[in-house]
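Take any residue in the sequence shown, note its place counting from 1, add 99, and you have its number in the numbering used here. Ideal Cβ placement from N, Cα and C applies to all residues, glycine included. A short worksheet on the structure shown next.
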Amino acid sequence: MNSSQRLPKPPQQQPKTDNSQQQPNPNLADEPTIQQSPQHQPVSNPNELRQLQENEDAIADTAVNPEQAYKSQKASKPHTQKPELPERFQHVKFLDCDKPVSRIIFECWHCFQGILCEYTGEPAIGEYKGRPSIIQIPVQCPNCEKTAIRLNTGEVLSTTAIPSPWKQ
100 MNSSQRLPKP PQQQPKTDNS QQQPNPNLAD EPTIQQSPQH QPVSNPNELR
150 QLQENEDAIA DTAVNPEQAY KSQKASKPHT QKPELPERFQ HVKFLDCDKP
200 VSRIIFECWH CFQGILCEYT GEPAIGEYKG RPSIIQIPVQ CPNCEKTAIR
250 LNTGEVLSTT AIPSPWKQ
């Protein structure tokens, strides 16, 4: 067979139906069939009807006020998700950034002890997995002796424990 020649397509097979049960209506033969979407099908259950009306109201509210619609949808959902935990953060305040010896006040990541740290120099460039990378210097907490923060700097000169300015 040549590559330019193609085999004819086999005829599509129709499922066999019993003609005695199917009687075509001559009045509807020329009209196209209309399929109803799930939204427009009749609803027999009153709970389903109420749910559809709430969904339509929520969609209408979204056009007016999306924030309020989001809150109402969130409130109507059953509580299946875990409660949201607050994101963890670290208080940091940089001082004297324009001087040769800069200072930073921060809280320890682990014990929230206030720390005053003096540092100097430009960040050192190293290599990580074959690519250039800035070397971070870990600063130990004087209270719990764990890594309190990692600084992108040349050298850490001193670390002093102070009362945390952010504790209330």
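In the three-state DSSP reduction, residue 151 falls in the helix class (H, G or I). Between residue 222 and residue 233 a beta carbon distance of about 5 angstroms is seen, short of the 8 angstroms cut, so the two are scored as contacting.
The C-alpha of residue 199 lies about 43 angstroms from the C-alpha of residue 183.
Ranking 207, 211 and 216 by CA distance to the CA of residue 196 puts 216 first.
The Cβ atoms of residue 252 and residue 213 lie no closer than 8 angstroms to each other.
Just so you know, the alpha carbons of residue 209 and residue 248 end up roughly 10 angstroms apart. Burial state of residue 191 is exposed, judged by a 10 Å Cβ sphere holding fewer than 16 other Cβ atoms. Within 10 angstroms of the beta-carbon of residue 218 lie 16 or more other beta-carbons, which makes it buried.
In the DSSP assignment, residue 237 falls within the unbroken beta strand (DSSP E) covering 236-239.
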